[in-house]
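Engineer: Attaching a single structure in structure tokens format; questions to follow.
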């Protein structure tokens, strides 16, 4: 046991006003690694506890630790900055920050916050080596995959190699968390129609892959490099069996940037689920064009294996915008795939990104017309430039972001209109968006209120096949 050196792990709450709570998979992998290394540590789960600012400060003030570690996506920069300030107000101890809020803005994190060390990319191995170095007072320069301040400069150490086999990672130790809260609140992120009675659903997310082989210009990848890695079907099923036996989980959300990457992998997954008689419902992500016209049997098999819904992004129905996104999809492929999934009873889920520089009233209408034709209600979001992406660089070049930290402090979710790249007014964009979402909602009998038309989730009709006319 690594006793005598105490660590505080803080899970940041990105949406403290939301009733939904998402199980923090990346954070949980780090907590599991620290636990397996035998360190003394405590988890302060701000997303589960929903502490007030006063309660948070009291908790931090009364704590006694040697190091604090936290992390989140870059939209949570303002929360990271606030928590760092509270910690340094009461304790002179090192603060470690990971995830994209560190990887994508290292210099801003070092210059504008009181964080001491940033972890780049995967932190499973890095965090253990870093904590050992801090405990033993050895040079942290020897730890790969980090950055830190030294003599007024930001120092980057040697790049950390990607973990080659995800099967080598231990399963998450869910006992480290208050699972009653997560089993009760995570399922609120699931949309209708539910495969079983809502009260009987016990849902959790599971990570089956890391990275993404595609490079959309609006998307940031926290895992450095283009290599896409995935767990074996056998490894995935072993974890699902554990979750089912220990927590009664009967619904899984595959929380990956890309879950189904090939038909061979998808068929193997379905066959193994059926063979093992998992009897677990699940949802995942793939690409538009994954299912061609002759792939209906594969779709049927996935349905039989428990697949409830599949997400794949349209983003836009305008070719010039898709090209600007570097999206590499075809509208006809999207339409064919949607029809196949609807035919076999798998819920198609899609999203659109509104507001590329090429966007006009006509291109925006074209995108909504495609969704209307396919009887699919999209998760609509406005283009949100993220650091480390071409669109963020373009926003700076166009003078739309003049002060980077000011922008980071007001970054919200994708349904918040933050920056206007187009020649249209914000009012016109929002008017066209709401008008069309209302039209689709009415056609599909969703009954959505005005304030619920634009959100980060998705909606589908009770029986989409009845609307296929």
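In this note's numbering, the protein residues as written are 1 to 469. Note that the Cβ used here is the ideal one computed from N, Cα and C, for glycine as well. Note that the coordinates shown come from a computational prediction; the quantities given were computed from them, not determined experimentally.
1. With contact counted as at least three CB pairs below 8 Å, one residue from each stretch, are the stretch 285 to 293 and the stretch 328 to 345 in contact?
2. Only counting runs of 4 or more residues, tell me where the alpha helix (DSSP H) segments fall wholly within the stretch 399 to 442, in order along the chain.
3. Give me whichever residues DSSP pairs with residue 4 in a beta bridge.
4. Using the Cα positions of residue 59 and residue 307, report the straight-line distance between them to the nearest angstrom.
5. Helix, strand or coil: which one does DSSP assign to residue 219?
6. Provide the residue span of the beta strand (DSSP E) that contains residue 43, from first to last.
7. Please state the DSSP three-state secondary structure of residue 336.
8. Between the alpha carbons of residue 103 and residue 301, how many angstroms are there, rounded?
9. According to the neighbour-count rule (16 or more other Cβ atoms, all chains shown, within 10 Å of its Cβ), is residue 327 buried or exposed?
10. May I ask you to verify whether the stretch 138 to 151 touches the stretch 181 to 195, counting CB pairs closer than 8 Å and requiring at least 3?
11. Could you tell me whether the Cβ atoms of residue 400 and residue 78 are closer together than 7 Å?
12. According to DSSP, simplified to helix, strand and coil, what is residue 386?
13. What does residue 281 pair with, by DSSP beta-bridge criteria?
14. Residue 97 and residue 121 - do their beta-carbons sit closer together than 7 Å?
15. Which class does residue 354 belong to by DSSP, given the choice of helix, strand or coil?
16. Have a look at the DSSP bridge pairing and note the partners of residue 318.
17. Can you find at least 3 beta carbon pairs, one from the stretch 352 to 360 and one from the stretch 377 to 387, that sit closer than 8 Å?
18. Within 10 Å of its beta-carbon, does residue 468 have 16 or more other beta-carbons around it, so buried, or fewer, so exposed?
19. Go ahead and pull the three-state DSSP assignment for residue 119.
20. From which residue to which residue does the alpha helix (DSSP H) around residue 26 run?
21. At the 7 Å Cβ level, is residue 30 part of the contact set with chain D, yes or no?
22. Which one or two residues does DSSP pair with residue 71 in a beta bridge?
23. Could you pull the DSSP bridge partners for residue 153 from this structure?
24. Buried or exposed, going by whether 16 or more other CB atoms sit within 10 Å of the CB of residue 90?
25. Please report the straight-line C-alpha distance between residue 311 and residue 376, rounded to a whole angstrom.
26. In this structure, how does DSSP classify residue 379 when only helix, strand and coil are distinguished?
27. Excluding sequence positions up to five away, which residues of its chain have a Cβ less than 7 Å from the Cβ of residue 391?
28. For residue 286, which of helix, strand or coil comes out of DSSP?
29. Quick test of your reading: residue 101 and residue 76, contact by CB under 8 Å. State the CB separation rounded to the nearest angstrom.
30. Just curious, the beta strand (DSSP E) that residue 203 is in, first and last residue?
31. Quick check on residue 361: does DSSP put it in helix, strand or coil?
32. With distances taken between CB atoms, is the gap from residue 47 to residue 13 smaller than 7 Å?
33. Hey, quick one: how far does the beta strand (DSSP E) through residue 83 stretch, first residue to last?
34. Taking the alpha-carbon positions, what's the residue 45 to residue 11 distance?
35. Name the residue from 294, 31, 215, 303 whose alpha carbon lies nearest to the alpha carbon of residue 282.
36. On a Cα-Cα basis, can you pick out the residue from 258, 55, 206, 34 that is closest to residue 215?
Structural biologist: If we stick to the structure as given:
1. yes
2. 404 to 410
3. According to DSSP, residue 4 bridges with nothing at all.
4. 42 Å
5. coil
6. 39 to 45
7. helix
8. 39 Å
9. buried
10. no
11. no
12. coil
13. 251
14. no
15. strand
16. DSSP lists no partner for residue 318.
17. yes
18. Reliability of the predicted coordinates at residue 468 is poor, the pLDDT of 43 falling under 50, and the value obtained from them is presented with this limitation in mind. With fewer than 16 other Cβ atoms within 10 Å, it is exposed.
19. strand
20. 25 to 36
21. Judged by its chain identifiers, the structure shown contains no chain D, having just a single protein chain.
22. 11, 98
23. 150
24. exposed
25. 11 Å
26. strand
27. 217, 218, 383, 385
28. coil
29. 6 Å
30. 203 to 206
31. helix
32. yes
33. Careful: residue 83 lies outside any beta strand (DSSP E), inside the alpha helix (DSSP H) at 77 to 90.
34. 5 Å
35. 303
36. 258
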